[in-house]
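Numbering-wise (our numbering), the sequence shown opens with residue 769 and increments by one. Idealized CB from N, CA, C, for every residue including glycine. Quick caveat: nothing in here was measured; it's all calculated off a predicted structure. The structure appears below as structure tokens.
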Amino acid sequence: MRKLHLPETIGMMCCASERGWLLLVATGGTELFLLNPITRACIQLPPFTTPVKRLSDFFMIPPEIIREAWDIFPSYDVRDYFEPVGGNFAISRVTFSTDLTDPACLITVFIPRYQGIFCCRVGSSCWTEVHDRHYSSSEFADLTYYNGQFYILHKEIMLVIDPSKASCRTGIICFFEQEIWPVSKFLVQGKYGVYVVFVHNIEEEDEAEEVRGQKYENVPKVGTEKMLKQKFELYQFSEQSPRLLRMITNTSNTAIFFGDNNHCLSVCTDNWDSLEGGSVYRCAPPSIRDMHGSGSHYNVYSAKMDDGKFELVPSDFAKEASIGRSGPAIWFQPNFF
């Protein structure tokens, strides 16, 4: 492990990442840009101090008019969601369609407090809201891009946006069974498609009592700290029947990394000798009892997908005050299965 010194981030906060790019935001949303920390390339994005346009209320307008929607629809203000206190984390997810050097590249972000999904093209002067208000965006969980479409994960359904269509209207491709609506979900983009990970909390009463009893005790030794017991299930959308999900039963060569705000990554463990197959590695901020005298930092936990018994992974860097909670966990490697 090594540190990267990034002077470009001075005065900025990192609120999201995608495919190795960091989304940096200035206080008040006055400046946004994507930074590649390896190449130092920067892609400037429209600030949210510029009023955004709304597409979602105009889907009944004839197609020949919608084609001009990016220029003629009225605009409105979203800057209040980027207030100085906490506003730098207003954007929880970012993804984009093609290479960022392509002028046709469409960038999509999710602002949960506003409950809005916004798109812009490289070089655009402002953002445009593009989701269908029939489903409450307060229940959107995640979004990603794969094979020409944006996938939006909702607690009840899966939506897609096809950027090749002028309207950018959302369409439903999958309905989830009602019993899994409350289950936490996030998306993983793999080499062969889009995957959904279901996270089932399976904490038992005796374990809950043990955790409550330890609430005010000293920080446990490395290797003994545990998180809520969870079970992870991996599903893939079927290309033959897009409305159906196919459960992946063999995860022996798959590891999933899971960070803040659903920042996630999947890797094939055949290429990484130090990783265990069928495992989840989770990066999480410390609990209150974990911070006594040690400052704020991220901890890394690991668990098997089928039992979800998370245990702290020993690491020297987690003790360093310089590795603070200044932004979400960032995974740089490309996604693949």
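- In this structure, the alpha-carbon of Tyr1049 lies about 18 angstroms from that of Arg787.
- In the DSSP assignment, Gly958 is bridged to Gly961.
- CA-to-CA, the gap between Phe801 and Cys810 works out to about 7 angstroms.
- Contact annotation: Lys997 and Ile970 have beta-carbon atoms nearer than 8 angstroms.
- The bridge partners DSSP lists for Gly939 are Val928.
- Residue nearest to Asn804 within the set Met1073, Thr869, Tyr914, Phe944 is Thr869 (criterion: CA-CA distance).
- When Asp1075, Glu1044, Asp1074 are compared, the shortest CA-CA separation from Val1081 is found for Glu1044.
- If you look at Glu786, you'll find it in the beta strand (DSSP E) that goes 780-786.
- When C-alpha distances from Trp789 are compared across Gly1076, Met780, Pro775, Arg808, the shortest belongs to Arg808.
- Looking at the DSSP output, Arg861 sits in a beta bridge with Phe878.
- Residue nearest to Ser1020 within the set Glu1001, Phe1026, Phe1005 is Glu1001 (criterion: CA-CA distance).
- Counting C-beta atoms within 10 angstroms of its own C-beta, Pro815 has 16 or more neighbours from the protein chains shown and is therefore classed as buried.
- Distance between Glu1079 and Lys999, taken at the CA atoms: about 14 angstroms.
- Lys1072 and Ser893 have their C-alpha atoms roughly 46 angstroms apart.
- Sixteen is the threshold: since fewer than 16 other Cβ atoms of the shown chains lie within 10 Å of the Cβ of Leu1012, the residue is exposed.
- Considering only Val962, Pro819, His968, the residue with the shortest C-alpha distance to Ile948 is His968.
- Cys1051 is the residue among Ile940, Cys1051, Gly796, Thr795 whose C-alpha sits nearest the C-alpha of Asn1067.
- Considering only Ala784, Gly1046, Glu924, Gly1076, the residue with the shortest C-alpha distance to Ile859 is Ala784.
- One thing to note: Phe1005 has its Cβ within 8 angstroms of the Cβ of Val962.
- Leu1043 is not bridged by DSSP to any residue.
- In the structure shown, Thr1022 adopts extended strand secondary structure according to DSSP, grouped into three states.
- Taking 8 angstroms as the cut-off, the Cβ atoms of Phe954 and Ala909 count as close.
- With a 10 Å radius around the Cβ and a threshold of 16 neighbouring Cβ atoms, His922 comes out buried.
- Ranked by Cα distance from Asp867, the first of Pro880, Ile879, Arg861, Arg889 is Arg889.
- Under DSSP, Arg1014 forms a beta bridge with Gln1004.
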